[in-house]
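If you read the sequences in order, they're chains A and B.
Residues 19 to 370 (the numbering used here) are what the first sequence spells out, left to right.
Residues 1411 to 1579 (the numbering used here) are what the second sequence spells out, left to right.
Think of the CB as a built atom: it goes at the ideal place given N, C-alpha and C, for glycine as much as any other residue.
Comments concern the structure below.
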Amino acid sequence: MPRKLKILLAVLGAIVLMILGNMFLRFHLPPVTVKAEPLPGFVIGGVRITNSLVTALLVDIILVVLAILATRRMQLVPSGLQNFMEFIVETLYNLTHSIAGSKWAPRFFAIVATIFFYVLVSNWFGLLPGLAAVGFCESHAEVAVLHQPTIWDRVHERTTARLAAPLPAKEGEKGAHGVHVYWGCQPGEIIVPLFRSPSTDLSSNLALALVSVGMTQVFGVMALGARYFTKFFNISGILRAFKPDASGQRRGCAGMLGTFLFGCIEFFVSILEAVTEVAKLLSFSFRLFGNIFAGEVMLLVLASLMPLVLTLPFIGLEVFVGLIQAFIFYVLTLAFFTIATVTHESQNTHSE
Amino acid sequence: MDALRPLGIDPALLAAYLINFVLLLFLLRLFLYKPVLTMLEERRRKIQEALAQADKVRQEAELQRAEFQRELEEARRSSQEAANRIAQETEKLRASILEAAQREAELIRAQARQQIELERQQAAAELQRQVADLAVEIARKVIGQTVTLDEQIQRQLIRQFLQETKHFS
Chain A
19 MPRKLKILLA VLGAIVLMIL GNMFLRFHLP PVTVKAEPLP GFVIGGVRIT NSLVTALLVD
79 IILVVLAILA TRRMQLVPSG LQNFMEFIVE TLYNLTHSIA GSKWAPRFFA IVATIFFYVL
139 VSNWFGLLPG LAAVGFCESH AEVAVLHQPT IWDRVHERTT ARLAAPLPAK EGEKGAHGVH
199 VYWGCQPGEI IVPLFRSPST DLSSNLALAL VSVGMTQVFG VMALGARYFT KFFNISGILR
259 AFKPDASGQR RGCAGMLGTF LFGCIEFFVS ILEAVTEVAK LLSFSFRLFG NIFAGEVMLL
319 VLASLMPLVL TLPFIGLEVF VGLIQAFIFY VLTLAFFTIA TVTHESQNTH SE
Chain B
1411 MDALRPLGID PALLAAYLIN FVLLLFLLRL FLYKPVLTML EERRRKIQEA LAQADKVRQE
1471 AELQRAEFQR ELEEARRSSQ EAANRIAQET EKLRASILEA AQREAELIRA QARQQIELER
1531 QQAAAELQRQ VADLAVEIAR KVIGQTVTLD EQIQRQLIRQ FLQETKHFS
């Protein structure tokens, strides 16, 4: 078969799929909620378990099962899953080693590698097709508020109105709290997905960011002792103005003023460092959240506009974004750990 | 913290995620990092050992080769020496045999010469005697039985004569 004909057939097939998808597979855009939805009936100790927490547990199980399968029968000549996992772990370890050095790499590795694996599997888990369609029907007031029509609803209505009448909602088949696909819900009810990627839940991201920033402080103190905190409150520059200079002579008035001003700048910078630590929490959690959440919403919107074909390239893109975000979280954490273990003075001499 | 609630940040959930992370950390450490890193370390050690072993074997082979080379050289040299020595000895032997043969030949020649000399002398003596007899005979014939000289005296005379002539020969 000539190549051109193949391409032509592929394009025709894609067009047919698009038309068929738009005729038979259209669905209403599910409510897009920034907050992870609590699952009805899942309450432990007064805390309503959210779908993202359930997914986080699932991610844990996936990772641990993979790890056990890979290392169950370790062989000196690796093959299959063992080889694959060894490759990933070794690559991560070598990168950690090249950044953190041989003293700190073994201590950093478990934390940064776990962050990488957890974030990666979370990101990719959210891309599983049909994940948003499986869940519980609910007409909770809180959820209803979140399901006010958005611009996407209007776009959706506009595009679907011309093609066909809105899909009729079927009767629920398994009762109010049974598992339904979206069109199986009662009118007025919306679907609460059973699974939601933990990366699209700020609680999970903030927890990771807390681990990252918190352990940065721990490693900083481990490496430098109490001296580590002078990074955040540095008045040594100001005090230097009232001491004799390097040659042991008393400073003149101008010299004292200059040194004092430089000390003030250093003090200000150190306060900025302290603010940066808090900002890191925000940047870590919102960067991951924004990237993954936006990706998933984009896929949903595209799928609601055109159920078939259109999302395929974007799923590929999101797979890539998921990997990159996991890697960024890993590398940034590693970099902050490493910076924290380097003394402030040597950092200065480096930059000067 | 309440301001963060609409964003989905809830202290209890945060704690749950933290615990979840720590749990995952320990599980992965137990089931993934430790076995894999141990295995990697062990593999590196094994490979290093194997390489060192190979290196050692190669060095040994190199040493052995040098040893063989040396022995071969030695053997070649000693055989060369032996050949040389044999050639020398052969030469010496040849010379000595030749010398002995020459000496013997010389001896034989000398003996032969002596023999010849002896025989010549005998022949000469014989000749002398015969010449004397002949001379006496001839003289008798010439004179014709007149010679009455004692035969003994005649012989004496002739011998004297011959002795004198000998000085001229």
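Query	Result
Between residue 1567/B and residue 1521/B, what straight-line distance do the alpha-carbon atoms span, to the nearest angstrom?	36 Å
Assuming residue 98/A is part of the alpha helix (DSSP H), what are its boundary residues?	98-143
Please report the Cβ distance between residue 307/A and residue 215/A, rounded to the nearest whole angstrom; I am assuming they are in contact, meaning their Cβ atoms lie under 8 Å.	The Cβ separation is near 10 Å, so there is no contact.
Got a sec: which bits of the stretch 1432-1446 of chain B sit with their beta carbon under 9 Å from any beta carbon on chain C, in order along the chain?	Chain labels in this structure do not include chain C; the protein chains are A and B.
Would residue 233/A be called buried (16 or more neighbouring beta carbons within 10 Å of its own) or exposed?	buried
What residue range does the beta strand (DSSP E) around residue 51/A cover?	It is not in any beta strand (DSSP E) - residue 51/A carries neither H nor E in the DSSP assignment.
Among 1433/B, 1425/B, 1422/B, whose alpha-carbon lies nearest the alpha-carbon of residue 133/A?	1433/B
Taking buried to mean at least 16 other C-beta atoms within 10 Å of its own C-beta, is residue 105/A buried or exposed?	exposed
Nearest by alpha-carbon distance to residue 141/A: which of 352/A, 340/A, 357/A is it?	340/A
Counting only runs of 3+ residues fully inside the stretch 1428-1475 of chain B, write out the beta strand (DSSP E) ranges in chain order.	none
Identify whether residue 232/A lies in helix, strand or coil by the three-state DSSP scheme.	helix
Are there three or more Cβ pairs, one per stretch, closer than 8 Å when the stretch 352-363 of chain A is compared with the stretch 35-43 of chain A?	no
For the stretch 137-156 of chain A against the stretch 329-345 of chain A, do three or more pairs of beta-carbon atoms, one drawn from each stretch, fall closer than 8 Å, so that the two count as touching?	yes
Quick check on residue 31/A: does DSSP put it in helix, strand or coil?	helix
Taking residue 349/A and residue 1442/B to be in contact with their CB atoms under 8 Å, please state how far apart those CB atoms are, rounded to whole angstroms.	20 Å between Cβ atoms; not a contact.
Which residues of the stretch 204-231 of chain A have a Cβ closer than 8 Å to any Cβ of chain B? Give them in chain order.	216, 219, 220, 221, 222, 224, 225, 226, 228, 229
Does residue 1482/B have its Cβ less than 7 Å from a Cβ in chain A?	no
Under 8 Å, with one C-beta from each stretch per pair, do the stretch 48-57 of chain A and the stretch 68-83 of chain A reach the 3-pair mark?	yes
Could you tell me which residues DSSP puts in a beta bridge with residue 68/A?	56/A
What is the C-beta distance between residue 48/A and residue 209/A, in whole angstroms, given that I count them as a contact (C-beta under 8 Å)?	6 Å
Please report the distance separating the alpha-carbon of residue 365/A from that of residue 255/A.	Confidence at residue 365/A is low in this model, with a pLDDT of 49, below 50, so the placement of that residue should be treated as unreliable; the coordinate-derived value is given next. Going from the Cα of residue 365/A to the Cα of residue 255/A covers about 16 Å.
Decide if residue 114/A is buried, meaning its Cβ has at least 16 other Cβ atoms within 10 Å, or exposed.	buried
Once the 5 residues before and after residue 43/A are set aside, which same chain residues still bring their CB inside 8 Å of it?	325, 326
Could you tell me which residues DSSP pairs with residue 310/A in its beta bridges?	In DSSP, residue 310/A forms no bridge with anything.
DSSP state of residue 153/A, grouped into three classes?	strand
Please classify residue 359/A as buried or exposed, where buried requires at least 16 neighbouring CB atoms within 10 angstroms.	buried
Measure the C-alpha to C-alpha separation of residue 278/A and residue 1418/B and round it to an integer number of angstroms.	46 Å
Residues of the stretch 282-298 of chain A with a CB closer than 8 Å to any CB of chain B: list them in chain order, please.	none
Thinking C-alpha only, which one of 292/A, 257/A, 295/A is nearest residue 281/A?	257/A
Run through chain B and tell me which residues come within less than 8 Å of residue 136/A, C-beta to C-beta.	1431, 1434
Between which two residues does the beta strand (DSSP E) holding residue 337/A run?	It is not in any beta strand (DSSP E) - residue 337/A instead sits in the alpha helix (DSSP H) that spans 329-358.
Compare the beta carbon distance of residue 225/A and residue 1428/B with 7 Å and say whether it is the shorter of the two.	yes
In chain B, which residues lie less than 7 Å from residue 129/A when you measure between Cβ atoms?	1435
Considering only their Cβ atoms, is the gap separating residue 291/A from residue 249/A smaller than 7 Å?	yes
Comparing alpha-carbon positions, which option in 252/A, 124/A, 273/A lies nearest residue 288/A?	252/A
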